[in-house]
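Just so you know, the protein sequences line up as chains S and P, in that order. Heads up: the first sequence runs through residues 1 to 264, numbered per my numbering. Heads up: the second sequence runs through residues 265 to 427, numbered per my numbering. Below is one structure, written out as structure tokens, with a few remarks after it.
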Amino acid sequence: MYDFEYLKPKALAEAASILAGDGDAKALAGGMTFIPVLKQRLNKPSKVVDLAALGLSGIKVSGETVEIGAMTTHATVAASADVKRAIPALAKLAGNIGDEAVRHRGTIGGSLANNDPSACYPAAVLAMGATIVTNKRRIEADNYFQGMFATALEQGEVITSVVFPVPAKAAYMKFANPASRYAMVGVFVAKGPKGTRVAVTGAGQNGVFRHKAMEEALAKNWSADAVAGVKTPADGLNSDIHASAEYRAHLVGVMAKRAVAAAG
Amino acid sequence: MPQVTLSVNGKSHTVEVEGRTLLVELLREKLGLTGTHVGCDTSQCGACVVDVNGTSVKSCTMLAMQADGAKVTTIEGLAKPDGTLHPMQEMFREHHALQCGFCTPGMVMSAIDLVNSHPEGLTEEQIRHGLEGNLCRCTGYHNIVKAIAAAWPLMHGKKMAAE
């Protein structure tokens, strides 16, 4: 790892100002992806700005929304009685990210800022039509994800929370890589205030995407049979040592069917 | 050089580190606590798991500076000063839950957190799910799972409700 200056500001404005003023400064949330990236010397930040002292963790549930602070860990979301009651699919998703020790450090804000094409949270955010709240603005999920490791975030922009509209039905199913627990394919289905939506992670070359054909089929008929007939083209899907694009395309169908069945 | 002040196994330390120093490097190289192992160095194997402020974390994937002000417990901090083993260590011994022993410090630290965070009881499935971040290449895990199930009543002072 290249050395860097470690900073732990106590105010959001200070953190944002350091990041805005230095393009080589990087924000550190839970570090579960960022620290391995640093170890591989894939990134050489001048400063690492730890967001841990900004008071950005916590969960607020109102009747229609669940708001999760950016620095809330996966373990906290998974164990939250409020999240389990309002959006059980989200608590379950958080409880299956990585492993126990990773869930104790990894955060929802970190996951979304990184936008790993195989991460779980992007599927939940896109399928439920959540809103990403930053120090500057509110970004709708449909405008936030902009390709592999690419997001709408600008330099100096820090995610502060994520607001999920509570869906009537939702479920997430992933086919996990047995070593990394990242999604080889993960499908989140939701029926709620933002419509009937299906988001796929782990499969697309450009990261998480909405499966419009499945959304149309489910809007007409919410059942596992409805998605069973929908073909997923292999074009644009990932091919690697773990699975070919054709295999991933098949898994999208299988995970979608299981997710709809689980959502009830 | 930046300084980090933290408590390790009940003893306070102030140590000079670099921004990039990992918590596991601080423990092993600065404090000489080599019971915490580095297996994969890619946050997958769990040999480096220690307790930070009451939860298990992979010390190879945490900066030393992030542990400023933290209370850290390592495998060396479990046994009593007279050598009496922690119940989890004792159950690992009794159930032959180790062979080469390389993964054992991380296994024991993860297992203790798992038992502490499940006062309502632990099923075998929950134990196996809880150990997904700890790899063992010798035992096949069965005896580790048995040891953890056996340690639960000792640590909670009662019988497991699910049994």
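Built from N, CA and C at the ideal position, the CB exists for glycine as well.
Based on DSSP bridge pairs, tell me the residues matched to residue i.
{"i": "H277/P", "result": "L270/P"}
{"i": "S161/S", "result": "G69/S, V133/S"}
{"i": "V321/P", "result": "V314/P"}
{"i": "I59/S", "result": "I68/S"}
{"i": "R197/S", "result": "A190/S"}
{"i": "T337/P", "result": "D315/P"}
{"i": "V185/S", "result": "F175/S"}
Going by DSSP in three states, residue i sits in which element: helix, strand or coil?
{"i": "L295/P", "result": "coil"}
{"i": "K257/S", "result": "helix"}
{"i": "E64/S", "result": "coil"}
{"i": "S374/P", "result": "helix"}
{"i": "A226/S", "result": "helix"}
{"i": "E100/S", "result": "helix"}
{"i": "N143/S", "result": "helix"}
{"i": "V208/S", "result": "coil"}
{"i": "A245/S", "result": "helix"}
{"i": "L112/S", "result": "helix"}
{"i": "Y2/S", "result": "coil"}
{"i": "V125/S", "result": "helix"}
{"i": "A91/S", "result": "helix"}
{"i": "L237/S", "result": "strand"}
{"i": "L349/P", "result": "coil"}
Given that residue i touches chain P, what residues does it touch there, using C-beta distances under 8 Å?
{"i": "S180/S", "result": "Q308"}
{"i": "A52/S", "result": "Q330"}
{"i": "V48/S", "result": "G283, L327"}
{"i": "K39/S", "result": "D305, T306"}
Under 8 Å Cβ-Cβ, which residues of chain S neighbour residue i?
{"i": "M326/P", "result": "G31, I35, R105"}
{"i": "G397/P", "result": "G98, D99, E100, A101, V102"}
{"i": "P266/P", "result": "Y6"}
{"i": "V313/P", "result": "A101"}
Just the chain P side, please: which residues come within less than 7 Å of residue i by C-beta, in chain order?
{"i": "F265/S", "result": "Within the shown structure, residues of chain S are numbered from 1 to 264, placing residue 265/S beyond reach of any answer."}
{"i": "M266/S", "result": "A question about residue 266/S goes unanswered here, because the residues of chain S that appear run from 1 up to 264."}
Below 9 Å on C-beta distance, what does residue i contact in chain S?
{"i": "V372/P", "result": "Near V372/P there are no residues of chain S at all, since even the closest Cβ is about 13 Å away, more than 9 Å."}
{"i": "L378/P", "result": "E100"}
Please list, in chain order, the chain P residues whose beta carbon lies closer than 9 Å to that of residue i.
{"i": "K231/S", "result": "Here the premise fails: no neighbours, minimum Cβ distance about 33 Å."}
- Is it true that the segment 251 to 258 of chain S meets the segment 288 to 297 of chain P, where meeting means three or more beta-carbon pairs spaced less than 8 Å apart? no
- Query: For the segment 280 to 289 of chain P against the segment 313 to 333 of chain P, are there 3 or more C-beta pairs whose distance is under 8 Å?
  - Reply: yes
- Item | Validate contact between the segment 267 to 279 of chain P and the segment 334 to 352 of chain P using beta carbons, cut 8 Å, 3 pairs | yes
- Task: Write down every uninterrupted run of the beta strand (DSSP E) in the segment 5 to 56 of chain S whose length is 3 residues or greater and which is fully enclosed by it, in chain order.
- Result: 5 to 7, 26 to 28, 47 to 50
- Just list the alpha helix (DSSP H) runs in the segment 380 to 418 of chain P, keeping only unbroken ones of 4 residues or longer that don't cross its boundaries, in chain order. 388 to 394
- Task: Answer yes if the segment 31 to 45 of chain S comes into contact with the segment 300 to 318 of chain P, meaning at least three C-beta pairs across the two stretches below 8 Å, and no otherwise.
- Result: yes
- Message: Using a Cβ distance threshold of 8 Å, determine whether the segment 67 to 85 of chain S contacts the segment 94 to 105 of chain S, with at least three qualifying pairs required.
- Response: yes
- So, do the segment 391 to 406 of chain P and the segment 110 to 120 of chain S have three or more beta carbon pairs nearer to each other than 8 Å? no
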